[in-house]
Amino acid sequence: MQSLEQRQKARVMLQEQKAQVATSPGSSQPSPSSLPADDVSPYFKTEPVRSQVHLEGNRLAQLPAALLRGTPCLLHLSLARNRLQTLPRGLFANLSALQSLVLEHNALSHLPAAAFHGLAELTALRLGHNNLSVLPAGLLDELPRLTSLGLEHNR
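Numbering (my numbering), first residue to last: 9 to 163.
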């Protein structure tokens with residue numbers, strides 16, 4: 009278990025990282041709304057026991073497939089309130105322990121059929137407030153523990 013000091017340090021580091029992603033060097037203007045893998049992956053690789061990652065409200069339009077590769081113990085992930093339109097194939101492939109995934113308030117209009125494959129421990133999936141009109145066949149087939157699915161306010 010992490011001490012309070014370790015958790016506070018991790019929060020500060022994540023906030024600093026969000027600030028770096030949110031602004032371009034030498035400018036107070038927002039940077040392009042994508043998140044290069046090189047900017048984030050090294051941080052996660054040094055924190056292999058991280059149990060939660062919250063990347064809400066960062067105006068992210070794209071995520072690199074390798075973004076979460078260094079977080080196999082992750083339990084809770086929130087990518088809410090961004091500008092995501094789809095998810096890269098394999099984004100969640102390494103997250104076999106993940107229990108909750110929040111993708112609400114994005115612009116998701118399409119999900120790959122295998123988007124959530126390998127998430128056998130997932131119990132809560134929040135996809136509300138997106139632009140989804142149809143879910144691919146088999147999308148939820150590999151989620152045996154799923155007990156809560158939020159799809160409100162979609163097309």
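For every residue, glycine included, the Cβ atom is placed at its ideal position computed from N, Cα and C.
In this text, all values refer to a predicted model and were calculated from it rather than measured experimentally.
CB of residue i within 9 Å of CB of residue j, strictly
i: residue 96; j: residue 80; result: no
i: residue 121; j: residue 146; result: yes
i: residue 68; j: residue 90; result: yes
i: residue 119; j: residue 150; result: no
Buried versus exposed, by CB contacts within 10 Å (16 or more), residue i
i: residue 10; result: The pLDDT assigned to residue 10 is 48, lower than 50, so where the model puts this residue is not dependable; a value taken from the coordinates is nonetheless given after this. Exposed, by the Cβ-count rule.
i: residue 139; result: exposed
i: residue 63; result: buried
i: residue 161; result: exposed
i: residue 163; result: exposed
i: residue 4; result: Examination of residue 4 is not possible in this model, given that the chain is present from 9 through 163 alone.
i: residue 153; result: exposed
Start and end residues, beta strand (DSSP E) containing residue i
i: residue 116; result: Premise fails: residue 116 is in no beta strand (DSSP E) and is neither H nor E.
i: residue 137; result: Element bounds for residue 137: n/a, residue is neither H nor E.
i: residue 60; result: 60-62
i: residue 109; result: 108-110
i: residue 156; result: 156-158
i: residue 84; result: 84-86
Residue i versus the options, residue with shortest Cα-Cα distance
i: residue 2; options: 144, 124, 110; result: Residue 2 lies beyond the residue range present for the chain, which begins at 9 and ends at 163; the question has no answer from this structure.
i: residue 141; options: 115, 131, 150; result: 115
i: residue 74; options: 59, 125, 102, 137; result: 102
i: residue 108; options: 86, 137, 125, 94; result: 86
Whole-number beta carbon distance between residue j and residue i, since they are thought to touch under 8 Å
i: residue 61; j: residue 92; result: Going by Cβ atoms, the distance from residue 61 to residue 92 rounds to 15 Å, so no, they are not a contact pair.
i: residue 129; j: residue 106; result: 6 Å
i: residue 132; j: residue 113; result: Going by Cβ atoms, the distance from residue 132 to residue 113 rounds to 16 Å, so no, they are not a contact pair.
i: residue 148; j: residue 124; result: 7 Å
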